[in-house]
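Have a look at the structure below before the remarks.
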Amino acid sequence: MVAAPWIILFAPALACAAIVLFARNSKPLSATLAIGGLAVSFSFAVYALLQSLHPLAETIESSVSWVNLPGLALEFGLLLDHPSILMSLVVTGVGLMIFIYSVGYMGEERGLPRYFAFLSLFAFSMLGIVLANNFVTLFIFWELVGASSYLLIGFWYERPKAADAGKKAFLVNRIADFGFLIGILMLWNLSGLEGQSRTLNFAELAERLQALVAHGTLSPQLLTAVGLLVFCGVLGKSAQFPLHVWLPDAMEGPTPVSALIHAATMVAAGVYLIARTFFLFWQTPEAMAWVAAIGGFTALFAASLALVEDDIKRVLAYSTLSQLGYMVMALGLGGYVAGIYHLTTHAFFKALLFLGAGSVIHALHTNNIWEMGGLLKKMPVTSITFLIATLALCGIFPLSGFWSKDEILAVAFFRNPLLWVVGTATAGLTAFYMGRVFCVAFLGSARAHSAGHAHESPPVMSVPLMLLTVPTMVAGFIGIPHYLHHGQEAGVHVPFNAIVAGISTLVAMAGLSLAYAVYGRGYQPGIQVQRVLALAAVPLSRKFWVDEVYGWINRNIQQRFADLLSLFERYIIIGLYVNGVAKITGFTGSVLRLAQTGKVQGYAATLLAGLSLLLYLSLR
Amino acid sequence: MTAPITLSHLLALSGLLFSIGLVGVMTRRNILLILLSLEILLSSANLAFVAFSRSLGDLSGQIMVFFVMVVAAAEVTVGLAIALLISRKAGNLNADELRNLKW
Amino acid sequence: MNPITGILLCPIVGSLILLLVPQRRSNWVRWISTVATGIPVLICMALLIQFPRGHAGYQWVQKIPWIPALGIQYQVGVDGISLTLLLLHVLCGFTGVLISYRIKERVKEYYIFYLLLIGGVAGVFVSLDLFFFYLFYEMAVIPMFPLIGIWGSGDKKYATMKLTLYLTAGAVLALIGLLALYAVSGAHSFDLIFLERYLTQNPIPGHLQKWLFPFLLIGFGVIAPMWPLHSWSPMGHAAAPSAVSMLHAGVLMKLGSYAILRIAVQLLPQGAYTWLPWVALLCIMNIIYGGFVALAQKDMKFLIGYSSSSHMGYVLLGIACLNPVGLNGAVLLMFAHGLMTATAFATVGHVYDQTHTRIISDWGGLARRIPFISTAFIIAAMASSGLPGFANFVSELLVFFGAWNSYRWSALAAVFGIVITAFYMLRAVRTAFFGPLNMRWAELEDAAGFERVPYLILIAALLIVGCWPRFLLEIISSSTGTVLSHLTHLETIAKL
Amino acid sequence: MTAFQMVHPLLFYTLSGLMVVGALGVIFARVPIYAVLSLVITLFGMSALFVALGAYFVAAIQVLVYAGAVLVLFLFVVMLLDMAPEALFRARSRIMMVAGIAFGGIFLWQLVHVTVVIGGRPGLFTKQPVAGTTAAVGKLLFTTYALPFEAASMLLLVGIIGAIVLAKKKL
Amino acid sequence: MIPAGLLALLPELWIGLLFSAILALDLRWKETRSSTMGMLTAVGLMPLFPLLWWQHSSLHPADLLSGMYRLDPMALLFKGIFSASAILVTLMTRELGKTIQRGHGEFYLLLLTATLGMFFAASSANFIMLFVSLELIAITFYVLTAYLQTDLHSLEAGMKYLVLGSLASGLLLYGFAFIYGATGSLQFSKIQEALSHHQASLPVPLLFGLLLALSGILFKVAAVPFQLWVPDVYQGAPTPVTAFLSVGSKAAGILVVFRVLQELFLLQAHQWSPIIAWIAGLTIAYGNLGAIPQTNIKRLLGYSSIGHAGYLLIGIATATTLGSAGTNFYLISYLFTNLAVFLVVTAFSRQTGSDEIRDYAGLSKRSPFLAAAMFIALLSLAGVPPLAGFFGKFLLLMSAVTEGYLPLAIVGAAAVVVSLYYYLLIVYTMYADKPEDPTPIPVSAPVRLALLLCLVAMLGIGIWQGPFLRISLAASFQ
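Protein chains in written order, with my numbering: chain D, 1 to 620; chain R, 1001 to 1103; chain X, 2001 to 2496; chain U, 3001 to 3171; chain L, 4001 to 4478.
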C-alpha cells in the first residue's frame, strides 16, 4: 500500500521517459504509452480511494532522503490523505479523458509523440504537487508543472503567439515563485525557532507553527508575511490578480492542453496549495483576509472581462480565472472544504467545456464565436455536453456546480457579506457570459461558411465528452465534502443554506435569461443603455490595460535598467576600468619611450641625473 | 695660498676636472670632442688614484693608473675608428644628428 | 600507477604524442585526443564509485619530493570536492573533444593546445601542493590564448588578449598571496595537507590573515569571476571556439571558486570570516547585475557568458556562507553549472559554425530545422533557470538555504536572480528557436548520430545528479565537513 | 692633518690652474685642434703633479701614452676629417648646455662634500709615502699583477683588431 | 705537481688557445670558409663544460695567482653561463652569412675575447683585475656593436655604447678610487676585512665610492637610470651581438654586482638593499612598460631585457641566499630562453632581412618549428609555467615576499602581465595573422639543434628544477 503513491506518481513519468527513448517517431505507441501510464495512475488512485474509505484507514506517508546534510535534510516524500487522493483522482481521471480525447484532436499532428511526452510529464508533475508531503517536494513539482505547461502552451512553437504565450506563462509563474520560495525559506527558518532541527514537512510544520503561536514565540506580522509569500505562489499558478495575465494567452496551446492544464489541474494547484498549507493560513487572519479579498476581486474582475471576449477559449479562460477566484476566496474565508469541493467539480465541468470548445474548434477551425452558430443541430453531442457543463458552471440545480458554488457563497455569507455580494454578482455575470457563448455559438444559424459544414467529432473525442458529463452531473451527490472533512479540524464549515442557494440560483437564471434575450432573441436595449454599455466595454475589451502596464514595465523599466547596466558594463567596467587600465599602461609605455630621444648626450644627462638623485638620497 | 696641500686639495682638483669632463661629455657637439672629454674623466680618476696611493703609501693605486691608461688608449682607438666610419657614412660628426635609433 | 596521476598525465602525454603525428592525419589526431580524454573519464568514474562515503580526507594521494629545499613536492590526490570538479572537468573535456571534431583547420595544433589546457585544469583540481597548484593554474590559462586567438571568432584578438592578461593578473596576485602565506606560516612547506594540519595547530595571526586573504580572494576571484572583475569572461566565451567556451565557462571559472575554497578559506579561516561577508555583498552584484546585463545582450554567446558570471555569484555566495549547506550547494552548483553551460555553448557553437552569426534575432525558428540541438539548448536554458530535475536546481536551492540565515539580502538577490535568468533564457529560446523558421537557415544541419553523444552525456549527467543529488552530495559533504571543521576549530580557539 | 711636504702649495696651485684651464679649453674651444692641444696642457700638468706625488713611472707613461700617443691620434683624426669649426659650435643646444653644467655642478658639489668629509678624517693618512719608481711599479706589474697585465695585453689586441677591422678600407 | 693557479686558469688558457688557433686559421683561410670557422669556434668552446665541471668537483675555492684570481662555485657557474651563451651566439653568428660583409674570422675572435673577458671578470678578486676584464668585455662589445661598417645604425649603436660605456667606466673607476682610498686596498679580501669595521653604517666616502662603482656596473646590467643605451644599442647591433650583450654582458654585470655587494658589502646590506630594491622595481617597470609600443623585435627585446635586469636585481636586493639563488637560477633560464628568441630572430632575418614584428605574421605557417620555439621561449620569458622562466621568477618573488619587499614583489608580478601582453602580441602575429609572403623559412641544422637544445633546457629546467636550484644555491653567497 505504501507503494501506491509512488506508482501513481511515477507511472506517467515512466511513460514520458519511454516515449522519449523509444517512441519518438511512433504516434500510436506514444499515445498508448501515455494513456497506459495515466491509466495505471488512475487505477491506483481509485484503489487508494477505496482503501481510504475504510473507517480505520490511515494516512499514507512515505519518503526517501533526497539531500542529507548537516543542517539541512530534504526529503522526497509523498502523502496520500483525503485531499490528495481526491485530487489525484481528479487529475488522473480528467487527465485520462483528455489524453484519449487528444488522440482524436491532435491525431494529425506531426509532433504527437512529443505532445504525449509533454502531457505525461505534466501529469507526473501535477501528481507530484498533489502528493507531496513537504514544501521542497511540492516546489520541485510546482516548477515542473510550470515548465511542462510552458512546453505545452508553446507546443506549436512556430506560431509566434504560442511561443510568446508559453514564455509569458512561465515567466509570470517564475515571478510568483520568487515569493513562494522565499516563503518556504522563511518557514524553514521558523521551524527551527525553538531549537529543533528545521523541517519542511507539512505535518511537522503544522505542529510546530501551532506550538510557536501558542508559545507566542512568533510575531503575527512575520507569520502574515510568510503566509502572503506562500500565497504569492498561488497568485501565479492559479492566475489570481494581478498575475492573471498569462492564462488567457495560454489559450494559444492545443485545446486539450487548455482543458487539462488551464482548467482542471495546473491552475487548481494554487488553490490546492492553500489547502495543503491551510495550517499556516489558519493561523494568520490578516493573510487570510488578503487571500479572500484577492480571490473575490479576481472572481468579479475576470468575469467582467469574459463578457466581451469573442474567442471561445478565452471566454472559458476568464471564466476559469473567475472560478479560481471563487475558490481562493473560499479558502481565504476559511472554507477549506468549500474551496476544494468547488475545485473538484470545476475540474470536471471546465474540462468538459474546454473539450467541447475544442471539439467545435476542431470542426470549424476557428475560435471566434461569431464565426460559429447553429451548432446544436450539426454537433449534438458536443452541444449538449457543452450545455450541461455551462449550466453546471452557472450553478444550476442539481448539477455539481450548484452544490460547490453554494457552499462557497454560504461561507462568504456568514464570514464576509461584502464578498458574498461580490460572489453572487459574479455568479450572475458568469451566467450571462456563458449564456452569451452558448447562444452565439450553438443556437441560431451558422454565422460563417465553415460553421455550416461542421460535423460531429469522432467518437474518440465525443466519448470522453460524454464520460465527463457524468461527474459533472453527479459530483454534488457523492459526498465529497464529507470525504474532505475527514481529518481536517481547521476551517469553517457551513451547512447548506437554502436562502443563499436560492438567491444565487435566481441571479444565475437572470443572467442566463438576459443572455438569451440579447443573443438568442436579438433583444436590443435602448440607445442610452447601449451608449453606456459601449463605454463600459472599452476598458473591458482592453482588459483594464493590465497587459499594457506589464508591457510598459517590461519595456521601460526592466529593459531600460538592463540596457543601463549594459551600458555601465560597456563604458564603465570595460571601457573605463579595464581598458582604462590597459590604456594607461600602454600610454605610460609610450611616454616612457620618449625618454629614448636618440641623443647620446641626453642619455648621458639622464644617467647623471639618476646618479645625482641616488647620491643625494643616500648621502643626505 | 700657503696652507699645506692635503689629500682634500688633490681630490678637489680631481673632482673639478671630473666635473669639467662630465660637462664636456654632455655639451660638446662633436663626437671627437666628446671622446676627448671622456679622457678628462679617466685622467681625473687617475689623479684621485695617485693621490690616494700617495696618502696610503700603497703602490697598487699607481698600478691601477697604468692599466687605466692602457684601457683609455684602446678605447680611444676603437672610438676614433668608429668616429671615422660615422664621418664617412654620415658626412659629419654631429652627435645630435646621430639619432636614427630612438624611442 | 596512481589513478590521479594517470588522469593528469593522459592529456599531457596525449599532446606530446600529437606532436609526433603528421599534420595531414587529422583523424589520428582526433582519435588520439579522444582516447587521451576518454581514459580520464573512465578512471574518474571508477574513482567515483570507489570513493569511500562519509570518509573525510584525501584519497589516492601520491607524494613525490620535488624540491625539498623549499618544501615543494609533487603531491596529488582528491577529496570529495575535487573529485566532483574533476568529474565535471573530464566530462567537459571529453565532450569538448567530440564537439571539436567539427574543426577542420589546423587540427593538430588545436588538439595539442586543447589537451594541454585539459591537463592544466586537471592539475589544478588534483594538486595538493601550493606550488604545483599555481603551476597548473597558469598552465591552464595560457593555452586559451592560441585556442581563442587562432580558432576563435569575432573580436578574438581583443578577447583573447584580455582574457589571458586578466587571468594572469589574477594569478600573479594570488601567487603573491601564496608566497606571503608561505612566508608567514612558518611551516616552510607548500604541502597543502601538511599546511592544513599545521595551520590548525599554529594558526597564522589574525591580522595577517585579514591582510593575506584579499590577495588570494581577488587573485582567484578574477577567474571565479567575482564582480567587478568579470568582464574578461563573457568576451572570452564569445570569441572562443565552442569546445573552448565549454571548457572555459564550464570548468575554468570553477578554478577560481575552487581555489578560494581550497586555499583561501581553508588555510585562512579568520581572513575568511572577515572578508566573506563582503564577498556575499559582491555576489548580489554578480547575480543581479550579471543577470540584467545578460538581459540586454543581443549576442547569444555574450548572453550565456553573462549568465555564467551571474551564476558563479551563487557559487561564491555558497562559499561565503561557511556552513555545510551553502558549501555543498556551491560545490554541487559548480558541477551543475559547468555541465549546463557546456551544453549551452556546445549548442550555440553548433549553430554558429553554420550560420556565422550569433546575434539572437538573426536566428529564429531553428527548432523546426534542428530539433535536437534546439532541445539541448532548451534543456540547458531550463537547467540554468533552475528547473527541478536538473542538478542546478538542487544546488541553487542549497545555496538559498545556506545563505538565508547568513546573508539574507544576498539570498533574496539570489532567489530573484533565477527569475531574471528565466527572463533572458526564455527570451533567447523564444527568439532563436521558436517562431517561424528564418529561411536563411533552411539548410541548417542538425546534430546527427555520433554528434549527439556529447550532448547526451552532458544532459544525462545533469539529470542524474539533479534527480539523485545524494549520490554526489555524500561525496562532497564529507570534504566540506573537513573544511568547516577547521573553521569550527578556530571558533573554539577564539572562545578559549 | 698630514701635509704633503713634497707638493709646494705654489706648485700645486699653478699646476691646478693650468689643468683646469686646459680642461675648460676642451669644453669651450671652437676649433677642435685647440681643444686637443689644450687637453695636452692638462695632461702635462697632471704628469707634473704625479711627479710631485712620487708617482714617477706613471708620470712618464702619462706623457708617453697620453700626450704622445693618444692625443696625437686625435690630432690625426681631426686633421684627416678636416672639420670646420663653425659647424661644430653653432648648433649647440642650450638645454643640453644648462643640463650639462647643472649636473656637472651637482656632481661637483657632492664631490666637494665627500672631499671635505675625507679631509676631516686624519686617520686615513697615516702611512709613509712610497716612491712609485719604474723598478717598484715594474716589479709589481710582473709579479702580483701579471694576470691583469696579460689581460691588458689582450685588451690592446682587441683595440688593434677592432680598429683595423672597422676602419681599414680593405682587409 | 702542477700549481693550483695554473689548474684554475685552464679554462682561460683554453680560450686563449682557441683564440690563437682561430687567429692562425683566419690568416690562412679565405672568407668563404668562415662558417666552418664558426663551427670550429662553437665546438672548440664545448670542452669548457667538462673542464669547469672538473674544476668544480676537484678544486677548492681559493684566491689564487697573487690574489688576482678567485676560484669559487659562483665564478664557475657564471663561466658555464658565459660558455653556453658564447656557443649559442657563435652558432647564431654563422647564420648571419652575408650580413657581415667582411671580417668573419675577426668576429669570432672578438666573441672569444669577450668570453675571455667575462671569464676573467668572473674570477676577479681584485679591483684592477676586475676593471681590466670589464673593459676587455666592454671594448670588445664596442667593436662588435659597430661591426656592420656600412650600416649607420650599427655605427650609431657602437658610438652610443662607446660614449656611454666609457662614461660609466669613468664613474666606476672613480668609485673604485674612493673605495680604494677609504679601505686602503684594491684586493677584495683586504677590503672585506677593512669593511668589517663599518657594520653599522658606511662612512660617506665609502658610500660615495660604492654608489659610483655601482652605477658603473648597473650600466652593464642595464638598470634604471643607467638603461637608456639599451634599446638603441640592441636595435643597432648585429643580432648575435645583441644576444650576447643581453645574456653574457648582463650576466657579467650581475656577477660583479654580486661580488661587490654581496661579497664586499654584505655587512652593510641594510644600507644598499633598499636602493637596489627601488632600482629593481623601477627597472622592471621601465623595461616592461617601454616595450609595449615597440614594433621592432630587437628593440622590444632590448626593453624587455631591461625588465629582466630588474628581476635579476630583486634577488640581489633581498641579500639572502634564496634571493641570490633565485638570481642565478633566473640567469640560467634566461640564458636559454633569451638566446632561443634571438636564434629565431636571426634565422628569420636571414631569410627575410627584417626585424619588424609585423613581418612575423604567419610565421607558424612559414616555419612551424620557428614559431613554436618562439612561442615557448616568449612564454618562458614572461614566466609562464612549466617553463624555466617561471621558476626563476617564482624564486625571486618568493625571496622578495619573504624579505618583506611586498611592493617590489607586486611590481614584479604586475610586470609579468604587462610582459605577457607584448610577448603575446608577437605570438598572435605569428599564429593568427596571415603572412604576406607565404614562402617557407628554412632553418639550418645547427640552429635547429641549438633551438631544440634551448627548448629542452627551458622545459627541463622548468619541470625538473631541483638540480638547477642546487647549482644556483651552491653558487650563491651563504
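For every residue, glycine included, the Cβ atom is placed at its ideal position computed from N, Cα and C.
For R2427 (chain X), there is no enclosing beta strand (DSSP E); the enclosing alpha helix (DSSP H) covers residues R2408 to A2432. Proximity of chain U to L608 (chain D) at the Cβ level (cut-off 9 angstroms) is accounted for by A3099, G3100, F3103, G3104, I3106 and F3107, in chain order. If you draw a straight line from the Cα of V2415 (chain X) to the Cα of I574 (chain D), it is about 27 angstroms long.
Taking C-beta atoms as the reference points, P2228 (chain X) and Y336 (chain D) fail to come closer than 9 angstroms. In its chain, beyond the 5 residues on either side, F4176 and L4186 have a beta carbon closer than 6 angstroms to the beta carbon of F4127 (chain L).
For R4070 (chain L), the enclosing beta strand (DSSP E) has its first and last residue at Y4069 to L4071. Nearest Cα to A2046 (chain X) within the set X:R2025, X:L2083, X:S2033 and X:G2236: X:L2083. For F477 (chain D), there is no enclosing beta strand (DSSP E), as DSSP marks it with neither H nor E. A132 (chain D) has D:L78 as its beta-bridge partners, per DSSP. Restricting attention to alpha helix (DSSP H) runs no shorter than 4 residues, the segment 281-326 of chain D encloses them at 285-306, ordered along the chain. Distance from the Cα of T2480 (chain X) is smallest, within the candidate group D:A13, D:A39, D:L69 and D:L484, for D:L69.
Taking 7 angstroms as the cut-off between beta carbons, none of the residues of the segment 436-447 of chain D comes near chain X. With fewer than 16 neighbouring CB atoms inside 10 Å of its own CB, M2001 (chain X) falls in the exposed class. For T3042 (chain U), not one C-beta of chain L is nearer than 9 angstroms to its own C-beta. Distances from the alpha-carbon of L80 (chain D) to those of D:L74, D:L89 and D:G602 put D:L89 closest. Exclusion of the five residues before and after L4109 (chain L) leaves F4019, I4022, L4023 and D4026 as the residues of its chain whose Cβ lies within less than 8 angstroms of its Cβ.
Contact between the segment 4414-4423 of chain L and the segment 4447-4456 of chain L is not established, with fewer than three Cβ pairs separated by less than 8 angstroms. Looking at the DSSP output, L4064 (chain L) shares a beta bridge with L:Y4069. L1033 (chain R) has a beta carbon lying at 9 angstroms or more from every beta carbon in chain L. Q2062 (chain X) is bridged by DSSP to X:V2076.
What T597 (chain D) touches in chain R, judged by beta-carbon distance under 9 angstroms, is R1099, K1102 and W1103, going in chain order. For S1060 (chain R), a Cβ of chain L is located within less than 9 angstroms of the residue's own Cβ. Membership of N68 (chain D) in the beta strand (DSSP E) is indicated by the continuous run I60 to L69.
Out of L:L4111, L:F4390 and L:A4008, the CA that lies nearest to the CA of L4065 (chain L) is found in L:A4008. In the displayed model, D563 (chain D) falls within a helix according to three-state DSSP.
Within chain R, the C-beta atoms nearer than 8 angstroms to that of F3057 (chain U) come from Q1062 and F1066, in chain order.
With contact defined as three or more Cβ pairs closer than 8 angstroms, the segment 4084-4102 of chain L and the segment 4135-4145 of chain L are not in contact. If you ignore the 5 residues before and after Y483 (chain D), its C-beta comes within less than 7 angstroms of the C-beta of H82 and L86, all in its own chain and listed in chain order.
Membership of K4190 (chain L) in the alpha helix (DSSP H) is indicated by the continuous run F4188 to L4195.
DSSP links A73 (chain D) through a beta bridge to D:N68.
Chain order gives no chain X residues near T4439 (chain L), where near means a beta carbon separation below 9 angstroms; the closest approach is about 18 angstroms.
In the DSSP annotation of this structure, the continuous segment of the alpha helix (DSSP H) that includes E4156 (chain L) starts and ends at L4152 to T4183.
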